[in-house]
Amino acid sequence: MSEPEIDPASIPLLFPDPVIEFYLAKIDRATIRERLKMSVDERLEALQKQGNADAAAQKALVREESPPWPPKKGTINMGVDPAWFAEARAVPLLVPDPVIEAYLEDVDRSLIRQALRLSVPERFERFNRLVRGAHALRRASKNDRR
Amino acid sequence: MSTETDFPLVLRTLVEARIDFIAVGAIAAIAQGIICTTDDVDVVYARSPENMQRIVAALAPFDPYLRGAPPGLPFRLDERALSHGLNFTFETSIGNVDLLGEISGGGSFEQLLPFAETKTAFGVQFLSVGLDKLILLKRAAGRAKDFEMVARLEAARQEKIAGQKPASAEGSAR
Chain A
145 MSEPEIDPAS IPLLFPDPVI EFYLAKIDRA TIRERLKMSV DERLEALQKQ GNADAAAQKA
205 LVREESPPWP PKKGTINMGV DPAWFAEARA VPLLVPDPVI EAYLEDVDRS LIRQALRLSV
265 PERFERFNRL VRGAHALRRA SKNDRR
Chain B
423 MSTETDFPLV LRTLVEARID FIAVGAIAAI AQGIICTTDD VDVVYARSPE NMQRIVAALA
483 PFDPYLRGAP PGLPFRLDER ALSHGLNFTF ETSIGNVDLL GEISGGGSFE QLLPFAETKT
543 AFGVQFLSVG LDKLILLKRA AGRAKDFEMV ARLEAARQEK IAGQKPASAE GSAR
């Protein structure tokens, strides 16, 4: 005579937690059981199929979000004589990296110099004004949509 | 729940509760001279039971909830929840607070402490990770958005080393 089956859902969690229990209630156990019967290769194959299906379903929604690479040079007009920055540019990077060097070419050093002339509290005051402005814009945009 | 972080209030709340933390992320970048925007306060916190008690007491009045989680979760911020987890992204009624027990490239609060500097902002003093370590943390994070920030931080470092900055402007108390 076979032993009575144990309901897996009745097995206590390793770390009891109401949040995990909340999510656990929504778990598709049938799929998990199916996957547990598969070999590792079969699971990977199923994962690949699922990934392909998801990608196909979302294809229409995909839009280009990454910036073009390599970054367009000369799109930011720093409005200063590049020679002015020669001394700083000569300082080697903390961690040399061609990717960072590519980004570095587009960094507006005049803004950094401005910020470095401020005290730390002044930098945070400026940041806070920036954030408050962004919040106001966001609220205005929401109101416009209503 | 507010999605607009009140940065002065969040920092004052953490400091006045005597929480052991080190600011990382955008707050640390601003302290180092990079003015940027952000939606949250990222800190590495000490995992001692006393510090976790202080975190719970400080944030509980502001209804902390797991950011991005569906509404209705039976989540409650208490010492048990903190001790079972490590890194948390919370939304609260005063804004978004990310509590990191460990950070890639920097480790724990204690491991990060030698690289921290005391900074003053919004009338409070707090620890913030130094520039060189911040560059290494951002590199370790390895996200696309971090590369641009690394470049800006490297530029700030170059500017500082090149001696372009007036020596009195730093405002560091360490």
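Chains as they are written, first to last, in our numbering: chain A, 145 to 290; chain B, 423 to 596.
Note that the Cβ used here is the ideal one computed from N, Cα and C, for glycine as well.
The structure presented is a predicted model; accordingly, all values stated were derived computationally and were not measured.
Residue(s) in a DSSP beta bridge with residue i
{"i": "Glu539 of chain B", "result": "B:Ser550"}
{"i": "Asn518 of chain B", "result": "B:Asp462 and B:Glu513"}
{"i": "Tyr167 of chain A", "result": "In DSSP, Tyr167 of chain A forms no bridge with anything."}
{"i": "Phe443 of chain B", "result": "B:Tyr467"}
{"i": "Tyr247 of chain A", "result": "Partner(s): none; Tyr247 of chain A has no beta bridge."}
{"i": "Leu431 of chain B", "result": "None, per the DSSP bridge assignment."}
{"i": "Leu488 of chain B", "result": "B:Phe512"}
{"i": "Gly529 of chain B", "result": "B:Ile525"}
Contacting residues, own chain, Cβ-Cβ under 7 Å from residue i (five flanking each side not counted)
{"i": "Asp500 of chain B", "result": "Val478"}
{"i": "Ser210 of chain A", "result": "Residue placement at Ser210 of chain A cannot be trusted, given a pLDDT of 49 that sits under 50; what the coordinates show is reported in the next sentence. Once the five neighbours on either side are set aside, Ser210 of chain A has no close Cβ partner at all."}
{"i": "Ala439 of chain B", "result": "Arg476, Ala479 and Ala480"}
{"i": "Ile456 of chain B", "result": "Arg574, Leu575 and Ala578"}
Cβ-based burial, residue i [other Cβ within 10 Å; buried from 16]
{"i": "Phe510 of chain B", "result": "buried"}
{"i": "Arg283 of chain A", "result": "exposed"}
{"i": "Val463 of chain B", "result": "buried"}
{"i": "Met182 of chain A", "result": "exposed"}
{"i": "Asn287 of chain A", "result": "exposed"}
{"i": "Glu539 of chain B", "result": "buried"}
{"i": "Asp442 of chain B", "result": "buried"}
{"i": "Ala482 of chain B", "result": "exposed"}
{"i": "Gly494 of chain B", "result": "exposed"}
{"i": "Asn196 of chain A", "result": "exposed"}
{"i": "Arg267 of chain A", "result": "buried"}
{"i": "Ala480 of chain B", "result": "buried"}
{"i": "Gly552 of chain B", "result": "buried"}
{"i": "Ile171 of chain A", "result": "exposed"}
{"i": "Gln580 of chain B", "result": "buried"}
{"i": "Thr175 of chain A", "result": "exposed"}
{"i": "Asp151 of chain A", "result": "exposed"}
{"i": "Phe159 of chain A", "result": "exposed"}
{"i": "Ala230 of chain A", "result": "exposed"}
{"i": "Val184 of chain A", "result": "exposed"}
{"i": "Ile155 of chain A", "result": "exposed"}
{"i": "Ile164 of chain A", "result": "exposed"}
{"i": "Leu248 of chain A", "result": "buried"}
{"i": "Leu188 of chain A", "result": "exposed"}
{"i": "Ala543 of chain B", "result": "buried"}
Contacts around residue i, its chain only, beta-carbon distance under 6 Å, and the 5 residues preceding and following it disregarded
{"i": "Thr425 of chain B", "result": "none"}
{"i": "Glu293 of chain A", "result": "Given a span of 145 to 290 for chain A in the structure shown, any question on residue 293 of chain A remains unanswerable."}
{"i": "Val437 of chain B", "result": "Val546 and Phe548"}
{"i": "Val264 of chain A", "result": "none"}
{"i": "Thr435 of chain B", "result": "Ala480"}
{"i": "Ile460 of chain B", "result": "First, the residue type needs correcting, since residue 460 of chain B is Thr and not Ile in the sequence shown. Closer than 6 Å at the Cβ level, and outside the excluded window around Thr460 of chain B, lie Ala448."}
Cβ shell of residue i (< 8 Å), same chain only, five flanking positions each side left out
{"i": "Arg561 of chain B", "result": "Gly527, Asp568 and Val572"}
{"i": "Leu558 of chain B", "result": "Gly527 and Gly528"}
{"i": "Ala451 of chain B", "result": "Cys458, Leu556, Met571, Arg574 and Leu575"}
{"i": "Glu178 of chain A", "result": "none"}
{"i": "Ala227 of chain A", "result": "Bear in mind that a pLDDT of 49 at Ala227 of chain A, under 50, signals an unreliable position, so the model cannot answer this."}
{"i": "Ala259 of chain A", "result": "Arg267 and Arg270"}
Any non-hydrogen atom of the ligand MG within 6 Å of residue i CB
{"i": "Phe548 of chain B", "result": "Only the bare structure without any ligand can be found here, which leaves the ligand MG out of the picture."}
Discussion item. Under 9 Å, CB to CB, which of the residues in the segment 455-467 of chain B have a partner in chain A?
Written reply: Gly455, Ile456, Ile457, Cys458, Thr459, Thr460 and Asp461
Worksheet item: What residues from the segment 154-186 of chain A come within 9 Å of chain B, judged by C-beta to C-beta, listed N to C?
Response: Phe159, Asp161, Pro162, Val163, Glu165, Phe166 and Tyr167
Practice prompt. Residues of the segment 185-200 of chain A with a CB closer than 8 Å to any CB of chain B: list them in chain order, please.
Written response: none
Worksheet item: Taking any Cβ of chain B, which residues in the segment 262-289 of chain A have a Cβ under 7 Å from it, in chain order?
Response: Leu262, Ser263, Val264, Pro265, Arg267, Phe268, Arg270, Phe271, Asn272, Leu274, Val275, Ala278 and His279
Item to complete: Anything in the segment 240-265 of chain A with a Cβ closer than 9 Å to a Cβ of chain B? List those residues in chain order, please.
Response: Asp241, Val243, Ile244, Glu245, Ala246, Tyr247, Leu248, Glu249, Asp250, Val251, Asp252, Arg253, Leu255, Ile256, Arg257, Gln258, Ala259, Leu260, Arg261, Leu262, Ser263, Val264 and Pro265
Worksheet entry | Proximal residues, the segment 567-583 of chain B versus chain A, C-beta separation under 8 Å | Phe569, Glu570, Val572, Ala573, Arg574, Glu576, Ala577, Ala578, Arg579, Gln580, Glu581, Lys582 and Ile583
Practice prompt. Scan the segment 514-539 of chain B for residues whose Cβ lies nearer than 9 Å to a Cβ of chain A and list them as they occur along the chain.
Written response: none
Worksheet entry | Where the segment 488-505 of chain B meets chain A: residues whose CB sits under 7 Å from a CB there | Leu495, Pro496 and Phe497
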